[in-house]
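Residue numbers (the working numbering): 11 to 138.
Heads up: the structure comes next, in structure tokens.
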Amino acid sequence: MRKQVRIDDTNDPLESKTDRVLTSYQPSNTESQEDVNTARYEQISVRKVTFQINEKLLDELIKLHDKLRVELGKEVPYREVLVEVGIDQVIEQLKGKGRDEFISIAMERQRLREELATARQERRARNR
Numbered sequence: 011m012r013k014q015v016r017i018d019d020t021n022d023p024l025e026s027k028t029d030r031v032l033t034s035y036q037p038s039n040t041e042s043q044e045d046v047n048t049a050r051y052e053q054i055s056v057r058k059v060t061f062q063i064n065e066k067l068l069d070e071l072i073k074l075h076d077k078l079r080v081e082l083g084k085e086v087p088y089r090e091v092l093v094e095v096g097i098d099q100v101i102e103q104l105k106g107k108g109r110d111e112f113i114s115i116a117m118e119r120q121r122l123r124e125e126l127a128t129a130r131q132e133r134r135a136r137n138r
């Protein structure tokens, strides 16, 4: 028999350590631009979100994270932090050139996802 457990803040499987680690920040006059950017990030709150991600991309992320873990040891960033940095870089790129190509690729992937979802629904309907 399967035991049912009520999910709360102490046992939420989507909760990550980074959700719990938000620090306060006191600026100084001798900071570099990188320190200022890091400080801006630290002042921002973190929200939990759930996205569907292409399985191949997720596998690549896991392999990258494992490789970094071997190279860096315990100092490797969490996977969700790697994803966050990637999203941040994409947003910065979209502000510059390459926007049209990016949107074209994104629209094609969206179309493929919709076709896959439609095919799954049709297959379920036939199996009923």
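Even glycine gets a Cβ: it sits at the ideal position worked out from N, Cα and C.
Computed from a prediction, not measured in an experiment: that's the story for all the values here.
With a beta-carbon spacing of about 7 angstroms, LEU71 and VAL93 fall inside the 8 angstroms limit used to define contacts.
Put simply, of GLN131, ARG134, GLN120 the residue whose alpha carbon is nearest the alpha carbon of GLN62 is GLN120. If you draw a straight line from the Cα of ILE113 to the Cα of GLY106, it comes to about 13 angstroms. Separation of the CB atoms of LEU78 and VAL86 is rounded to 5 angstroms, and the pair is thereby assigned contact status at 8 angstroms. Within the same chain, and ignoring the five residues on either side of GLU118 in sequence, no residue has its Cβ closer than 7 angstroms to its Cβ.
Nearest to TYR88 by C-alpha distance, out of THR60, ALA129, ILE54, HIS75, is HIS75.
Judged by DSSP in its simplified three-state form, THR60 adopts coil rather than helix or strand.
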